[in-house]
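Peer 1: In this note's numbering, each residue's number is its place in the sequence shown (first place is 1) plus 78. Have a look at this one.
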Amino acid sequence: MVSEKTFIFRYRKTIKKNMMNTILIANITNSLLEDAISKTCSQKLLLIHEDNLSKKPLGLLISGLNLPANFKVSYHHVPLDDLKLAYSKVTKIVHKAFEKSDDVHFALEANLLGLQIMEAAKEFEIKNYYIVQGEKLKKIKACFIRGF
79 MVSEKTFIFR YRKTIKKNMM NTILIANITN SLLEDAISKT CSQKLLLIHE
129 DNLSKKPLGL LISGLNLPAN FKVSYHHVPL DDLKLAYSKV TKIVHKAFEK
179 SDDVHFALEA NLLGLQIMEA AKEFEIKNYY IVQGEKLKKI KACFIRGF
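Here's what the structure looks like:
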């Protein structure tokens with residue numbers, strides 16, 4: 079039997095989680111990122127990129143973009159030379175995002191890193207996937223078939 083105090087605690091925890099900001103997980107760094115932020119109304123960006131980009135100053139990855147006021151950005155480096163380590167890091171990033179918010183969106187390039195991010199997110203209910211196709215973002219639905 080659940081006590082009233084336990085119910086209130088669980089209720090407050092649920093409210094706190096649901097009131098969290100909308101999170102966008104992305105591996106794109108050009109002007110399409112600004113488009114993805116506006117389409118998803120995100121307040122926080124988790125920018126995942128390959129280690130070889132880390133030689134650039136992190137601010138250059140999103141410089142020149144017109145981001146909303148109070149917009150939060152966190153950078154995550156993922157080394158693609160070790161695929162197991164990369165997948166492990168990406169999985170941790172995605173899982174933490176879903177712990178903090180129920181409203182998580184994705185804007186991904188169709189490359190190995192983008193595929194790993196989608197794979198890490200397959201067990202969650204995804205709001206939106208946007209994939210770079212040509213010079214535009216295209217909203218897609220993703221499904222995963224076991225065994226492939």
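Cβ atoms here follow ideal geometry from the backbone N, Cα and C, with glycine treated the same way.
1. Just the C-alpha distance for E82 and D180, rounded to the nearest angstrom, thanks.
2. Could you pull out every residue in the same chain whose Cβ sits closer than 7 Å to the Cβ of L191, ignoring the five residues on either side in sequence?
3. If contact is defined by three or more beta carbon pairs under 8 Å, each pair taking one atom from either stretch, is the region 192–201 in contact with the region 169–180?
4. Here's a check: name, in chain order, each residue in its chain whose Cβ is nearer than 6 Å to the Cβ of S152, leaving out the five neighbours to either side.
5. Work out the CA separation of L145 and Q121 for me, nearest whole Å.
6. Tell me the residue span of the alpha helix (DSSP H) that contains E177.
7. Hey, could you find the ends of the alpha helix (DSSP H) A114 is sitting in?
Peer 2: Based on what the coordinates show:
1. Confidence at E82 is low in this model, with a pLDDT of 47, below 50, so its placement is unreliable and the value that follows should be read with caution. Roughly 25 Å separates the two Cα atoms.
2. N105, I126, E128, V156, L158
3. yes
4. L124
5. 10 Å
6. 161–178
7. 109–118
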